[in-house]
Amino acid sequence: MSVTERPAGAPIPAPVPGHALVPYGQGRIRGLDADALGTHGTAMDRLVALGLPVVPGLTVPTGSAASLGEPDTARAALELVEQLSGRRVGDRSRPLLLRLSASASTEVAGLPPDLAGIGLAPAVTGDLCAVIGREDALHDVWASTLRMTAEYALDVPGAELDDALLDAVSARARADALLAAVARHAGRTYPDDPAEQLALAARAVLARWASPRARRSRRTQGLTADLGVALHVQALRIGPWDRSGYGTAVSRDPDSGRFAPHGSFFRGVRRSTPPPQPPSHPGEPLEELGPAAALLEHSLLTLERHLHAPVRVDFELRDGEIALLSAAAVSRPPLRAAVCLAADLAAEGSLDPEEAVRRVAPGQVQELLHPRLRPAAADEPLVRGLAASPGAAAGPIALSSERALELGAAGTPAVLVAHETTPADVPGMLAAAAVLTGSGGIASHAAVVARGAGTPAVCGAEGLRVDPAAGTVRIGDRVLREGDPVSLDGRTGAVYAGTLPVTVAGPPPELSTLLDWADGVRRLGVRVNADTAAEVETAVALGAEGVGLCRTEHQFLGGRLPLIRRVVLAADRAARDEALLALEDAQHEDFRALLTAVGNRPVTVRLLDAPLHEFLPAPGEAGDPGAEHRAAALREANPMLGLRGVRLALLHERLYPAQAEALFAAWADVAATGVRPALEVMIPLVSLPEELAAAAAYVRGAADAVAARTGVRVPYRIGTMIETPRAALLAAELAEHAEFFSFGTNDLTQLTYGFSRDDVERQVLGTYQERGFLAASPFARLDPHGVGALIRLAAERARSVRPGIKLGVCGEHGGDPESIALCDDLGLDYVSCSAHRVPVARMAAAHSALRGRHDESGSTR
Amino acid sequence: MQPAAVTGTDALDEPLTEAVVDLVLRGMWRGRPEAEYRALADAGLALVKGPVVLPSEPAKAIAARILRVPAGSEQEERITAAYHAFLPVNRRIREVCTAWQCRPDGTPNDHTDSVYDAEVREALEDVHEAIRPVLRRLERVLPGSGRYLTDLDDALDRFDDGAVEWLASPLCDSYHTVWMRLHQELLLVLGISRAEDEALEEELVGGSRG
Chain W
626 MSVTERPAGA PIPAPVPGHA LVPYGQGRIR GLDADALGTH GTAMDRLVAL GLPVVPGLTV
686 PTGSAASLGE PDTARAALEL VEQLSGRRVG DRSRPLLLRL SASASTEVAG LPPDLAGIGL
746 APAVTGDLCA VIGREDALHD VWASTLRMTA EYALDVPGAE LDDALLDAVS ARARADALLA
806 AVARHAGRTY PDDPAEQLAL AARAVLARWA SPRARRSRRT QGLTADLGVA LHVQALRIGP
866 WDRSGYGTAV SRDPDSGRFA PHGSFFRGVR RSTPPPQPPS HPGEPLEELG PAAALLEHSL
926 LTLERHLHAP VRVDFELRDG EIALLSAAAV SRPPLRAAVC LAADLAAEGS LDPEEAVRRV
986 APGQVQELLH PRLRPAAADE PLVRGLAASP GAAAGPIALS SERALELGAA GTPAVLVAHE
1046 TTPADVPGML AAAAVLTGSG GIASHAAVVA RGAGTPAVCG AEGLRVDPAA GTVRIGDRVL
1106 REGDPVSLDG RTGAVYAGTL PVTVAGPPPE LSTLLDWADG VRRLGVRVNA DTAAEVETAV
1166 ALGAEGVGLC RTEHQFLGGR LPLIRRVVLA ADRAARDEAL LALEDAQHED FRALLTAVGN
1226 RPVTVRLLDA PLHEFLPAPG EAGDPGAEHR AAALREANPM LGLRGVRLAL LHERLYPAQA
1286 EALFAAWADV AATGVRPALE VMIPLVSLPE ELAAAAAYVR GAADAVAART GVRVPYRIGT
1346 MIETPRAALL AAELAEHAEF FSFGTNDLTQ LTYGFSRDDV ERQVLGTYQE RGFLAASPFA
1406 RLDPHGVGAL IRLAAERARS VRPGIKLGVC GEHGGDPESI ALCDDLGLDY VSCSAHRVPV
1466 ARMAAAHSAL RGRHDESGST R
Chain R
64 MQPAAVTGTD ALDEPLTEAV VDLVLRGMWR GRPEAEYRAL ADAGLALVKG PVVLPSEPAK
124 AIAARILRVP AGSEQEERIT AAYHAFLPVN RRIREVCTAW QCRPDGTPND HTDSVYDAEV
184 REALEDVHEA IRPVLRRLER VLPGSGRYLT DLDDALDRFD DGAVEWLASP LCDSYHTVWM
244 RLHQELLLVL GISRAEDEAL EEELVGGSRG
């Protein structure tokens, strides 16, 4: 309702025009909060309080926003902004315009666009364009304001306006066409008077906020339909093109996360709050700001220290001077930025290192360890394009969609290489391991489709030339043929010839710092499950304190499978011992490499645990009828619960002694070089104390044999896996023979539930989770009530016999943050997980310790 | 390497003609029954790769010939005007799809920030508002093109019903998929190459920004 329609004598909401006008910086003094000032009003208050430069302006608080639609209030607002900025609308030498915006009490989407260019009239545009030095910028802004004012405050049909705009060829013609459409349809002309324009603009903004479109948007965000907005009237100062404009900046570089103002600068007249700006829309870099960049940097730093968060500002540049238009903490900062900020704040003492650790969730650690290409020193990228869709991949080149489909169907996903992509290439892109294009940007069809399909992509690789007839493509300086391998990283844009290994990257330096702090906080140790020297090296670099599980099964596979087969199927003792001897030599080499990589850290070596059937030949392939017969006799109905682990060792009595001798001899070799790994020998699948006693005797015998042979008495501990419920229940008896336990939680979970993992994961767990029986797969998250209770009981019973017994977990659960917290609560000594989960486990263990401290401090209060 | 293919349009009956055009504009058919593509494949117009049917080079040439409006005609001039209005919005839809998939810093959008997603939806609404008058004009000069607005409306409805893949997924008739088809038809109708198209879009977008 407009003021002119109000019946005479009705109460006026804002009795004194101008009373409800709150200049930026005065909201808090007047006792107003975000409910009244909107997020923008409070942000401007904060900037003023921090002494940072802001654009002059004022807020019409939420409750009285509608009063700005009345000419008196609008005139008072105009005069106040003129006073605050020391300029006057209509002044030709130091021109001023107004900009109207709205904000709600919290960050919301779907606010009406800002209306800039209030105060323009046909008679003055010429002078202003002369000041700016361009024509389009001003008219563009004006056309948007006219378009919205006409539709929402003057009721001109939208279709009429659309038609008027489609027929106009220049920005100036669009503004003229809209003025004409208003004159034609609104029964009045668009006013020249700036106060009247402001009143109309206020009505348009509020009507747009009440439109079906805005209501739909509020509904999808779960906001109340009648949520109010505050209005803000800002000075929009006009300056010359080369020294004026607007832009946005964030405090941190999105890639590195380091403090480095990053953003875009656009010349001309600011129009509206930028919509989420896609990275393809770069504007000009901030360096173009010239000397003003220093003040921008200062502002960002001040705000970061104040808000303890990465920040984002909108700014205006006019005649080379910068002023802030808005500032806020980045709502979802990129992870690297959050991590770097936490490290920075802690390093300069404004944040407790423990608090910095608390800020990074264990799961986020994993996100920072992206798979990436690992180029050798000699590998130079062929070309660097735009990083269009994240991920690293390698594959043979396909120059057509058809070829990519064929290769994909054959099981070798290709890298689809094309100068440009059309709809016809979509199937090929879906079948490809990665996509490389020569044209197009981050927002090209190829990039949109690749991201939609989760396919890594590099776009806009310059100089890419496809020759379909020859079946070749020139990438950089090289000509490659269809089928030649290439590798690309969709996160960096780098493209390499050949097949590069794809690996998990090490943590960036700031994360390493935080992880070091995390190490200082946590009680629980973190080890790695690693079988080879290479895996150990990777894990040690990622912070593993030792090896919690070295499986020895792989030492019997591949080329050594015939040897172990001969052991298992040997017709006589001599044949078996000969095969064993050969195996022992091979294992000796493996162990020597492994122990060298382990260095002075602890390493738990599990003696052979594979079920027998893995070593048996397929029927008919045993070689001779006797072996065939013996193999048939050894086949089992349920090998996973049959002749396996310690049971196999007790039947083939030379197996464990041979393994242990290889291990001890390797230790003696390595010790001679000055390295002394803390050796832990582990017996698998024990359920009877007698089994452990017998296996331990083999190991002792092996140590004696090596001592006799080499003169070195190898120090070691002997222990057992706890992976059957009976072993957990008999922990006290087992602890008589064991110096450490490692809970094999994969098998312990299977046997406690009576779940066959492969079968229940396929058929049962999904339903159970849907029905709410299980919150998570017990194979992903350690079951605290059943399996966890067994571990607790075993730990108690074992410690009652051997108080110092070392307890760890070596199942896949060792890499799951919640399971790690449970292990911490159960008082275990360490968890052991796969190499790439080691940083996650370090952080999870620290979080668990911090939570424990928090709980304690809470309970003492 | 190419199978023997019909080269002229005369040899094609009407359903086959429509099918060729549809296949070329869509770029592929997925999971269609064999009855729908057998004739095309037999005529060398379609390549069958497992569940996917692709147009052959001759099919693309035929579709281009069928769709092309007479050069220099008034119809061409009017469609060109609509195409020029289409191009700046074409840039914006790709930006919207990108914003839906990636946050401004380039990290994947995990859709946990409802305010951000609602902002993108607003930008999509702006695009839809901008393309609607263009398509209404196009419909008057290019028969059959009215279906694009219907299909875009459909995709938007499904998106708003919570099936968010209807914005940018290449596996359904999403907003982006329909848009690509519209773009492809405009290019074939006007006989414009992708390179010319890109250059013109750049010029029109750059021009309106100055």
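Chains as they are written, first to last, in our numbering: chain W, 626 to 1486; chain R, 64 to 273.
Just so it is clear, CB atoms sit at the ideal spot from N, CA and C, and this is done for glycine as well.
Note that the structure is a prediction, hence the values are computed from the model and not measured.
Which same chain residues, not among the five before or five after residue i, have their C-beta less than 7 Å away from its C-beta?
| i | result |
| --- | --- |
| residue 211 (chain R) | 198, 241, 245 |
| residue 870 (chain W) | 890, 891, 892, 893, 942 |
Report the three-state DSSP secondary structure of residue i (helix, strand or coil).
| i | result |
| --- | --- |
| residue 93 (chain R) | strand |
| residue 84 (chain R) | helix |
| residue 1155 (chain W) | coil |
| residue 876 (chain W) | strand |
| residue 900 (chain W) | Low confidence applies here, because residue 900 (chain W) scores a pLDDT of 42, under 50, leaving its location unreliable and the question unanswered by this model. |
| residue 860 (chain W) | strand |
| residue 976 (chain W) | coil |
| residue 142 (chain R) | helix |
| residue 727 (chain W) | strand |
| residue 1138 (chain W) | helix |
| residue 268 (chain R) | helix |
| residue 1021 (chain W) | strand |
| residue 1067 (chain W) | coil |
| residue 567 (chain W) | An answer regarding residue 567 (chain W) cannot be provided, because it is not within the stretch 626 to 1486 covered by chain W. |
| residue 1435 (chain W) | coil |
| residue 887 (chain W) | strand |
Candidates the options: which alpha carbon is nearest residue i's?
| i | options | result |
| --- | --- | --- |
| residue 1406 (chain W) | W:1390, W:816, W:1029, W:813 | W:1390 |
| residue 1081 (chain W) | W:809, W:683, W:1101, W:1112 | W:1112 |
| residue 692 (chain W) | W:799, W:1052, W:856, W:751 | W:856 |
| residue 711 (chain W) | W:731, W:1355, W:1340, W:680 | W:680 |
| residue 1239 (chain W) | W:1260, W:964, W:844, W:1226 | W:1260 |
| residue 225 (chain R) | R:253, R:177, R:213 | R:177 |
| residue 701 (chain W) | W:739, W:645, W:1311 | W:645 |
| residue 89 (chain R) | W:1052, W:1077, W:1135, W:1123 | W:1052 |
| residue 1453 (chain W) | W:1150, W:924, W:689, W:807 | W:1150 |
Quick one: what's got a C-beta closer than 8 Å to residue i's C-beta in the same chain, skipping five residues either side?
| i | result |
| --- | --- |
| residue 1437 (chain W) | 1370, 1371, 1404, 1405, 1458, 1459 |
| residue 208 (chain R) | 198, 201, 202, 245, 248 |
| residue 113 (chain R) | none |
If you drop the 5 nearest sequence neighbours on each side, which residues of the same chain put their C-beta closer than 6 Å to that of residue i?
| i | result |
| --- | --- |
| residue 1147 (chain W) | 1470, 1471, 1474 |
| residue 160 (chain R) | 231, 239 |
| residue 1375 (chain W) | 1382 |
Using only the alpha-carbon positions, how far apart do residue i and residue j sit?
| i | j | result |
| --- | --- | --- |
| residue 948 (chain W) | residue 1026 (chain W) | 52 Å |
| residue 1378 (chain W) | residue 1427 (chain W) | 29 Å |
| residue 697 (chain W) | residue 754 (chain W) | 29 Å |
| residue 67 (chain R) | residue 118 (chain R) | Only weak support is given to the placement of residue 67 (chain R): the predicted model assigns it a pLDDT of 46, under 50, and the value that follows is read from those uncertain coordinates. Spanning the two alpha carbons is a distance of roughly 14 Å. |
| residue 1234 (chain W) | residue 1412 (chain W) | 21 Å |
| residue 904 (chain W) | residue 1414 (chain W) | A caution first: residue 904 (chain W) carries a pLDDT of 36, below 50, which makes its placement in the model unreliable, though a value can still be read off. About 51 Å. |
| residue 885 (chain W) | residue 934 (chain W) | 14 Å |
| residue 1128 (chain W) | residue 938 (chain W) | 37 Å |
| residue 253 (chain R) | residue 128 (chain R) | 10 Å |
| residue 216 (chain R) | residue 827 (chain W) | 31 Å |
| residue 1395 (chain W) | residue 1448 (chain W) | 27 Å |
| residue 1038 (chain W) | residue 1059 (chain W) | 8 Å |
| residue 879 (chain W) | residue 1464 (chain W) | 22 Å |
Taking Cβ-Cβ distances shorter than 9 Å, what residues in chain W pair up with residue i?
| i | result |
| --- | --- |
| residue 176 (chain R) | 956, 957 |
| residue 138 (chain R) | The contacting residues do not exist; residue 138 (chain R) stays about 18 Å from chain W at best. |
Using the beta-carbon of each residue, which ones in chain W are nearer than 7 Å to residue i?
| i | result |
| --- | --- |
| residue 115 (chain R) | 1030, 1052 |
Note down, in chain order, every chain R residue with its Cβ under 7 Å from the Cβ of residue i.
| i | result |
| --- | --- |
| residue 1068 (chain W) | 157, 158, 161 |
| residue 1180 (chain W) | Correct list: empty, because the minimum Cβ distance to chain R is about 41 Å. |
Along chain R, which residues have their Cβ under 8 Å away from the Cβ of residue i?
| i | result |
| --- | --- |
| residue 886 (chain W) | Chain R residues near residue 886 (chain W): none, gap ~14 Å exceeds 8 Å. |
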